[in-house]
Amino acid sequence: MARLRAGLLVIVTLATLSHLVFYSIVLQAVGILALAAYLATLGAVLSHMARVLLLSACLATLVVLWRAEAAGWLLFEAAGRFAFFATFVVALSLLRLPAYRSRLVRRCGTAMLLQPPARRYPILSAGSALFGIILNIGVLNLFAGMIEKSNTLTAAQGREWVRRARQRRMMLALLRGFSLAPLISPMGIGVAVVLSSLPELRWIDLAPYVIGAALLIFLVGWSVDFLTGPNTAARSVSQPAPSLAPLGQFCLLLLGIVTLVFVLSWALDLRLPIAALVGAPLSAMAWLAWQRHRLGLLGVPAAVASLRRQLPWLVAPIGNEVVILGGAGYLGHLCVGLIPVESLGPLLGIIEPLGAVNAVLAMLLVVGLAQVGVNPIVTVTLLVGLLPTLAIEGLTPALTGAALMVGWALALMSSPITASMLILSRFTGVASIHIGYRWNARFLLACIPLLAGWFLYAAW
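So this is what it looks like as structure tokens:
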């Protein structure tokens, strides 16, 4: 069954990529049919959240068939969005294979975890953001496991309160850094959602807003960690901090991958999300080949053989990611098609005078709905499709997209029912609601007003 699912996902990926590059409706239809067959094989392996989202998508399909004009074309476009996000998950997942086998990744993780307390938060947070660009949610499993192994009672010199404090501080640094990855990366899922919904927008238009917001979130998190963390340095035995040279080498590797994406976008005249889908597999193959270059022929045959052998293992765990991201994109696209802009007249009369304040309200709406189980990709897809059509003065597409992406990042840091929070809860044994609302309370109370001020200042 694993090989069948892997084969179907390969068909979805190749057909969807070919459609995006060469624009072929026939290839898009092939990808959609392969996707439907893949979803039919998942059955009991889906999580509760994925099942609920898939059921919601099915109910929305029935509503479209009942109410919408040109229902067939709307459903076909929405299914294409589903296939696009499924391809996005598969393409970025290919980078996990060389990363999990990389000695450089393990050396980076060890170096970050063994830093002194004063430097551990910024290095671990920045490092998890960088690794999150390649490993996506896999960075949480990788680093959280390393944290739990290294944060022993012996390392805390027998003081349980120190061990718990270190656990809280390192896990929060990991969570906040991972949540920043979609903001700082042009290959992130947030960028893909916004740019695919707003074809006139470029990543360079979003960059000043989202990078400024990411820097603000990083500094607030660091400040809160410094001010609220216990001072254990005086009682600890000082040890030399390990070199951060491996992290510098990883940054160069990451810079090479991102540069390849931008070169492909320029050379082939592709939208950035499509260039990311092409560049990620090429980067994965190049990295794998480099790891095996001593085997001859620059390591290419060995890399191809390794990918073919391990592909079922690689894509077997991503069924929930495919359904959650793809299903949410599908549902959001249908909701945009079902809501006529003229029906928003009364609401427009209320929000139009607010101007750029609507960007802040949109950010808060993404965060708020995530607390009750509405996946941010649904809210972001819906709002990024509706708000620019209202032509509100002061509310530019770039400001709207950036605010929604920041709301998405805050949702990952706060909602107790996101996958990221559930992973940390599993490793720490602490309830996800406690991590989101108790551990993160001071950070969120300080961060949200400052982010609101940042967007209003940027709009002004």
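Start counting the sequence shown at 397; every next residue gets the next number (our numbering).
Cβ coordinates follow ideal geometry from the N, Cα and C atoms, glycine included.
No experiment lies behind these values; they were computed from the predicted model shown.
Proximity of residue i and residue j at Cβ, strictly below 7 Å
i, j, result
"A507", "P636", "no"
"V753", "L806", "no"
"A487", "A676", "yes"
"V774", "S593", "no"
"Y726", "F484", "no"
"P713", "A402", "no"
"I819", "L536", "yes"
"A680", "V657", "no"
"G692", "A685", "no"
"L405", "V711", "yes"
"L576", "A610", "yes"
"L467", "V718", "This sequence places Ala at residue 467; Leu is not what is there. No, the Cβ-Cβ distance between A467 and V718 is not below 7 Å."
"F646", "C504", "yes"
"G617", "F839", "yes"
"V408", "L431", "yes"
"L500", "P642", "yes"
"L673", "L435", "no"
"V460", "L703", "no"
"L612", "W850", "yes"
"A525", "G573", "yes"
"N716", "A495", "no"
"N836", "S810", "yes"
"L744", "L786", "yes"
"I530", "L579", "no"
"M759", "G803", "yes"
"P582", "L666", "no"
"M397", "V606", "no"
Residue range of the alpha helix (DSSP H) that includes residue i
i, result
"P494", "492-496"
"Y517", "513-531"
"T437", "421-438"
"E391", "Any question about residue 391 goes unanswered here, given that the chain covers just 397 to 856."
"N754", "753-766"
"G476", "467-489"
"A453", "444-463"
"A698", "696-711"
"T792", "No alpha helix (DSSP H) contains T792, which DSSP labels as neither H nor E."
"H689", "Per DSSP, H689 belongs to no alpha helix (DSSP H) and is neither H nor E."
"I407", "398-418"
"L509", "499-509"
Residue i - DSSP class collapsed to helix/strand/coil
i, result
"G573", "helix"
"Q563", "helix"
"R838", "helix"
"P595", "coil"
"M681", "helix"
"V616", "helix"
"T785", "helix"
"L779", "helix"
"I813", "coil"
"N771", "coil"
"L651", "helix"
"A637", "coil"
"A848", "helix"
"A630", "Residue placement at A630 cannot be trusted, given a pLDDT of 44 that sits under 50; the coordinates are not used to answer."
"R555", "coil"
"W856", "coil"
"M801", "helix"
"D621", "helix"
"S661", "helix"
"T824", "helix"
"G584", "coil"
"L666", "coil"
Contact with chain D by residue i, beta-carbon distance below 7 Å
i, result
"G439", "The chain inventory of the structure shown lacks chain D, comprising one protein chain alone."
Presumed contact (8 Å Cβ cut-off) between residue i and residue j, rounded CB distance
i, j, result
"I831", "S821", "6 Å"
"G728", "T777", "3 Å"
"A755", "A855", "7 Å"
"Q687", "R497", "6 Å"
"I533", "S828", "So it is not a contact: roughly 15 Å between Cβ atoms."
beta-carbon residue i near the ligand MN non-hydrogen atom, thresh 6 Å
i, result
"F484", "As for the ligand MN, it is missing from this structure, which has no ligand bound."
query: Are three or more beta carbon pairs between the segment 560-572 and the segment 537-547 nearer than 8 Å?
result: yes
message: Could you check whether the segment 585-592 touches the segment 786-801, counting it as contact only if at least three pairs of C-beta atoms, one from each stretch, sit closer than 8 Å?
response: yes
- prompt: Are there three or more Cβ pairs, one per stretch, closer than 8 Å when the segment 411-424 is compared with the segment 466-481?
  reply: yes
task: Take every Cβ of the segment 782-793, pair it with every Cβ of the segment 593-606, and state whether three or more of those distances are shorter than 8 Å.
output: yes
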